[in-house]
Each structure stands twice: as C-alpha cells, then as structure tokens.
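Take a look at the structure below.
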Ligand SMILES: N[C@@H](CCC(=O)N[C@@H](CS)C(=O)NCC(=O)O)C(=O)O
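Residue numbers (the numbering used here): 115 to 315.
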C-alpha cells in the first residue's frame, strides 16, 4: 500500500491500453500527472484483441482501459481515475472546493457517459452498417457538437487558464483529450468541420 501522502506504487501498476483509445489516454495522463510508473500492455482493438479469453477475465465488457494494481483490477477510466485519486493522492486530480470538485466530476461524467460512447468502435461500425458512412458521420458529429456546446455553457462561468479554472484537474483533462480525439477522427474522415467551445482549446 502506498502511504496516504503519496509516493511510488508498492505493486507494479499495469495498464491495458490502446494507442487510439481516448479513455486510455485519460488514465495515462493521470498516471503521469501523479508521477506513477507503470507497465503498458497494448490491446490492439483493431485486431480484436479485446475479445481474447485472457482479456475477458480482466474486463468482460471487452473495453480498454484496464488498470491492474497488484491484486486489484479496475476497468472503466472514470473508476480508474477515482481509484488512483484515492490510493495515490499526490498531485490531486480533483480540487478541494466542493463546487469546483462537482464541476470537474460533472464534466468528466458528461463526457464519459454522453459523448464518448458515440465514438466507440462497436457503435461506429454498427451505425456504418445500418445507415452508411455519411449518415453515421452526420449523426455522430451533430451529437458530439451538441455535447461540446452544452459543456461550453456549463463552463462559461468557471473558465480560467484552463476550461475548468486555473489548474489542471480531471474535468479539463478529459475534455481536452476528448476534443483532440474527435478532431483527429474528423480529420481522418474527410476533414469535416468541427465547432468547438473556445474554452476547450
Ligand atoms: N466507459 C468506459 C468506456 C471504454 C471504451 O469505450 N473503450 C473503448 C476505447 S476508448 C474500447 O475499448 N472500445 C472497444 C470496442 O468498442 O470494441 C471508460 O471510460 O473506460
């Protein structure tokens, strides 16, 4: 067990991740911010490695990221960030002020549950098969922009040097990574336009 005031992990941390996974980027960002070293295990989603029996034992939902910390296995980036925050409190991911903390959690939750799921490989593939590439892009883009614009309204009274204030906390990290991922997707897929809240830039 690491001491409450922080420090290096006592057991070796292992992160199952994929280089294109925005959810995994969140965890890598948090691990780096907290100065925790970890072993990176690549799960190639494009090759279906998330469906191997070994990986299924770690996460029956077949999603990355998964963090292994000794005997503890945690999947889902949101849960992993909360676990890291509790166990390795150095360089906190959440502000102490209750309103600021709630804001960061709200932003993280909106992105995790209302924006990012639209970009899951399985969803994108399904939509492409059912309605075609063009409709899929339109649907995804429209809904993601709706999410970003709602976030801009939410953040307008809090924005500082970063989207959620003057410090880098969980909400800002997740927002920024989501935006970068989305931008990349649109660039890869025909260079579609993207409107993005200025507070996320
Ligand atoms: N809520 C989960 C979502 C995890 C997730 O969607 N992971 C994606 C990569 S970002 C994935 O593994 N996709 C595989 C698939 O859709 O088959 C989290 O935040 O970790």
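Even for Gly, the Cβ is constructed at its ideal location relative to N, Cα and C.
- Its chain contains 282, 286 as the residues whose beta carbon lies nearer than 7 Å to that of residue 276, once the 5 sequence neighbours on both sides are disregarded; these appear in chain order.
- Secondary structure of residue 145 (DSSP, three-state): helix.
- In the DSSP secondary-structure assignment, residue 155 is bridged to 130.
- Secondary structure of residue 276 (DSSP, three-state): strand.
- Excluding sequence positions up to five before and after residue 231, its CB lies within less than 8 Å of the CB of 237, all in the same chain and listed in chain order.
- Residue 132 is a Cβ neighbour of residue 158, given a cutoff of 8 Å.
- By DSSP's assignment, residue 181 forms a beta bridge with 129, 188.
- Ranked by how close their Cα comes to the Cα of residue 194, the residues 180, 235, 278, 125 have 180 in first place.
- With a 10 Å radius around the Cβ and a threshold of 16 neighbouring Cβ atoms, residue 156 comes out exposed.
- The closest CA to that of residue 128, considering only 167, 266, 183, 178, is found on 183.
- In its chain, beyond the 5 residues on either side, 181, 183, 186, 188 have a beta carbon closer than 8 Å to the beta carbon of residue 197.
- Contact between residue 209 and residue 201 does not hold, since their C-beta atoms are separated by about 19 Å, which reaches or exceeds 8 Å.
- Per the C-alpha coordinates, the member of 247, 234, 258, 246 positioned closest to residue 137 is 234.
- For residue 215, the enclosing alpha helix (DSSP H) starts and ends at 212-224.
- Looking only at 265, 270, 272, 259, the smallest Cα-Cα distance to residue 297 is reached by 259.
- Of the residues 144, 143, 151, the one whose Cα lies closest to the Cα of residue 125 is 151.
- Looking at the backbone, the Cα of residue 221 and that of residue 278 are separated by about 9 Å.
- Between ligand 1 and the CB of residue 234, the shortest heavy atom gap is smaller than 7 Å.
- For residue 291, the distance from the CB to the nearest heavy atom of ligand 1 is not below 7 Å.
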